[in-house]
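Down below is the structure, laid out as structure tokens.
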Amino acid sequence: MYENATKVMVADSNERHTMESFHFEENGPVAVLAGSGRKVPFVELQRAEAESNYYDELIPSVDLITPHGSSKNIFNLALTKICSAFSKKRKEDNISYNKKRKMAWKITDESTLLFFNGRKALHAVKQSVRRSFKEDNDGDDLISIRFDDNVSLSGILSGENSTHAPHVLHISVDLAHIKEEATRESVLSYVLPYEKECSSPRITHNTTHNTLTLSLPISAVHLVTLFERYKRSREGDVAEGPFLARLAILLIRYSGLCGGDMEKESGWHAAVPPSILHTYTSCYTACDRVSNSIPVECFASPFNATLDHFFSVFPDTDKWFGSLGNFFAASALKQFIDATRVRSDADHKIVHYGLEANPPFDHEVIQACVFQALALLEGESSVALSILLVLPDSTQEIAKKVREPAENSVYCQANRSLPAEECAYVHGAQHQAQTTTGSRKRSRDGDTATVALTAAREDYASQVKLKCPTRLILLQNEKCNAIMTGKDVMQTIQEKWRAFSK
């Protein structure tokens with residue numbers, strides 16, 4: 045079905061097979077093996093090859109349909125809701141706990157199938173865009189990328205088409221461009237009704253022209269910022285066709301990873317507000333002993349990055365919009381420091397690097413982030429280096445354990461817990477949101493979209509408050525301690541964040 049279709053092994057067998065497709069039967073999910081057409085229950089399958097979960101060509105993947113972490117979360121949520129609903133009914137209308145579990149697993153199976161087909165549909169469109177726009181050409185007749193109501197890209201960039209609602213990018217693909225018949229059928233099964241003012245992806249099928257259209261929302265201010273980041277990465281060489289193609293692929297990648305409406309819990313990564321980041325970095329730039337301060341976001345995306353320098357999870361799609369690569373690739377950060385390193389001047393002033401690490405609130409990712417941060421501090425002594433860790437202040441034992449190495453480290457200069465009501469974040473999907481500030485025209489005095497973007501990101505409608513407090517840990521190496529006291533920096537950040545969250 046794909047060039048990189050998932051290789052599986054049947055239980056008690058050393059034979060490798062390619063999984064062609066899967067569907068649900070009365071007794072549960074069943075895989076169809078390529079070639080033989082043989083049906084095998086998923087419980088009897090295991091992965092034959094280790095591949096990254098973030099690798100798009102992984103689809104179809106047993107990982108997406110075997111009830112591991114994400115599916116268990118769906119199951120637990122469904123079971124909780126079912127038990128809650130029946131607790132409100134009369135005693136004689138209640139059912140057994142086992143029946144409730146079966147109902148929850150059915151919901152889990154159906155949800156997982158929807159997720160699988162959704163990712164598969166997005167993947168099919170993305171691959172078509174990549175084939176059509178390879179080598180920076182202008183595409184072909186089988187692909188069309190346009191904005192809602194035929195709004196022009198130049199009109200959005202100039203501010204002529206200013207609007208509070210997000211624009212919608214439509215990617216239309218001739219179904220002849222999707223070569224595999226099984227893939228076409230799966231994609232068509234995922235077609236959703238199109239809503240003009242959509243806040244999440246929509247896939248529609250035009251039976252007259254036999255085209256598939258994927259519609260993805262994006263706000264004007266974020267589009268302007270992405271265009272400016274793209275232009276910098278291309279050193280001013282910008283053609284509209286390749287830019288829209290790479291923008292489409294970027295939107296598809298993150299929609300496939302997170303999905304869902306902005307108003308719902310959908311896995312989008314909440315971001316530290318831009319004004320808080322600027323407060324953190326300005327503490328060091330204000331110091332007379334610092335000749336140059338270079339701030340870096342360690343966990344961002346082209347959509348929610350505030351600073352010029354940021355790391356993100358997908359180098360292949362994000363590099364076009366300024367990403368330095370993946371934070372966990374040690375060589376990427378070392379190369380960046382070496383490339384931007386400036387020697388101290390005659391006045392013996394110091395170069396400062398201020399890293400902000402707000403990882404996804406997942407125990408394994410947080411643990412890896414802490415180890416990476418400590419390794420950087422131990423290995424880099426030629427520059428003043430500070431790392432602000434923004435973590436959930438959970439009372440779970442595992443949460444305490446993963447942050448302990450940072451808290452007990454010799455580099456820890458400040459460690460505080462901020463109440464949830466004093467820590468408003470910016471929603472990770474705010475590039476899809478309708479804002480009250482809207483976009484504004486860029487003035488001719490050299491102003492960029494930065495002010496408009498900051499206003500949109502800090503718009504009240506884009507703010508979210510977590511249920512748990514936030515743990516801030518400030519790490520500094522010896523050179524950084526010589527120019528700034530960590531407790532003073534922490535106090536300034538806390539006061540600014542409290543004022544912002546009111």
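For the sequence shown, this note's numbering gives the first residue as 45, with consecutive numbering after it.
Using N, Cα and C, we set each Cβ at its ideal position, and we do this for glycine too.
No experiment lies behind these values; they were computed from the predicted model shown.
Query                                                                                                                         : Result
Beta-carbon gap between Phe-358 and Glu-341 smaller than 8 Å                                                                  : no
Backbone CA spacing between Thr-251 and Ala-283 [nearest angstrom]                                                            : 32 Å
Own chain partners of Gly-369 with C-beta closer than 7 Å, once the 5 adjacent residues on each side are dropped              : Phe-355, Pro-359 and Ala-376
Validate contact between the stretch 288 to 300 and the stretch 255 to 267 using beta carbons, cut 8 Å, 3 pairs               : yes
Sequence-distant residues of its chain with Cβ nearer than 7 Å to Glu-451 (five each side left out)                           : Asn-459 and Ile-517
Ser-115 (DSSP reduced to helix, strand or coil)                                                                               : The pLDDT assigned to Ser-115 is 49, lower than 50, so where the model puts this residue is not dependable; a value taken from the coordinates is nonetheless given after this. DSSP places Ser-115 in helix when its eight states are reduced to three.
Supposed close pair Trp-364, Ser-299 - CB separation, criterion 8 Å                                                           : Their Cβ separation, rounded to whole angstroms, is 17 Å, which puts Trp-364 and Ser-299 out of contact at 8 Å.
Ser-545 to His-322 span [Cα, whole Å]                                                                                         : 16 Å
Own chain residues within Cβ distance below 6 Å of Phe-130, not counting five before or after                                 : Asn-138
Proximity winner among Asp-192, Ala-220 and Arg-297, relative to Ser-263 (alpha-carbon distances)                             : Asp-192
4 or more residues per run - each alpha helix (DSSP H) lying fully within the stretch 349 to 417                              : 359 to 362 and 374 to 384
Selected residue, minimal CA-CA separation from Cys-38, among Leu-399, Ile-320 and Phe-415                                    : For residue 38 there is no data in the structure shown, the boundaries of the chain being 45 and 546.
Buried or exposed (CB count within 10 angstroms, at least 16 for buried), Ala-417                                             : buried
With 16 other Cβ atoms within 10 Å as the buried cut-off, status of Gly-79                                                    : exposed
His-313 versus Val-54: straight-line alpha-carbon distance, rounded                                                           : 37 Å
Terminal residues of the alpha helix (DSSP H) in which Thr-325 lies                                                           : 318 to 329
For Ile-215 and Lys-170, the rounded distance between their alpha carbons                                                     : 9 Å
Inter-residue Cα distance where the pair is Gly-285 and Arg-190                                                               : 10 Å
Phe-271 vs Leu-201 beta-carbon contact at 8 Å                                                                                 : yes
Contact belief for Leu-267 with His-211 at Cβ below 8 Å, rounded distance in angstroms                                        : 7 Å
Alpha-carbon spacing of Tyr-274 relative to Leu-123, whole angstroms                                                          : 45 Å
Three-way DSSP call (helix, strand, coil) for Gln-440 in this model                                                           : coil
Whether Pro-436 touches Val-414 by CB criterion (8 Å)                                                                         : no
Bounding residues of the alpha helix (DSSP H) (the contiguous stretch that carries Ser-196)                                   : It is not in any alpha helix (DSSP H) - Ser-196 carries neither H nor E in the DSSP assignment.
Range covered by the alpha helix (DSSP H) that runs through Val-533                                                           : 530 to 545
Neighbour-count burial assignment, Val-334, 16 or more Cβ in a 10 Å radius                                                    : buried
Whole-number beta carbon distance between Asp-362 and Ser-345, since they are thought to touch under 8 Å                      : 7 Å
Beta-carbon separation (whole angstroms), Tyr-469 vs Leu-510, contact threshold 8 Å                                           : 7 Å
Extent of the continuous alpha helix (DSSP H) to which Tyr-455 belongs                                                        : It is not in any alpha helix (DSSP H) - Tyr-455 carries neither H nor E in the DSSP assignment.
Nearest to Gln-474 (by Cα), restricted to the options Val-508, Thr-439 and Ala-220                                            : Val-508
Simplified DSSP state of Leu-270, which is helix, strand or coil                                                              : helix
DSSP state of Val-76 mapped onto helix, strand, coil                                                                          : strand
Opening and closing residue of the alpha helix (DSSP H) in which Lys-523 lies                                                 : 522 to 525
Chain-order list of residues whose beta-carbon lies under 7 Å from that of Val-173 (same chain, five-residue window excluded) : Ile-187, Ile-215, Ala-289, Ala-292 and Ile-293
Delimiting residues of the beta strand (DSSP E) encompassing His-249                                                          : 246 to 250
Proximity of Met-528 and Tyr-397 at Cβ, strictly below 8 Å                                                                    : no
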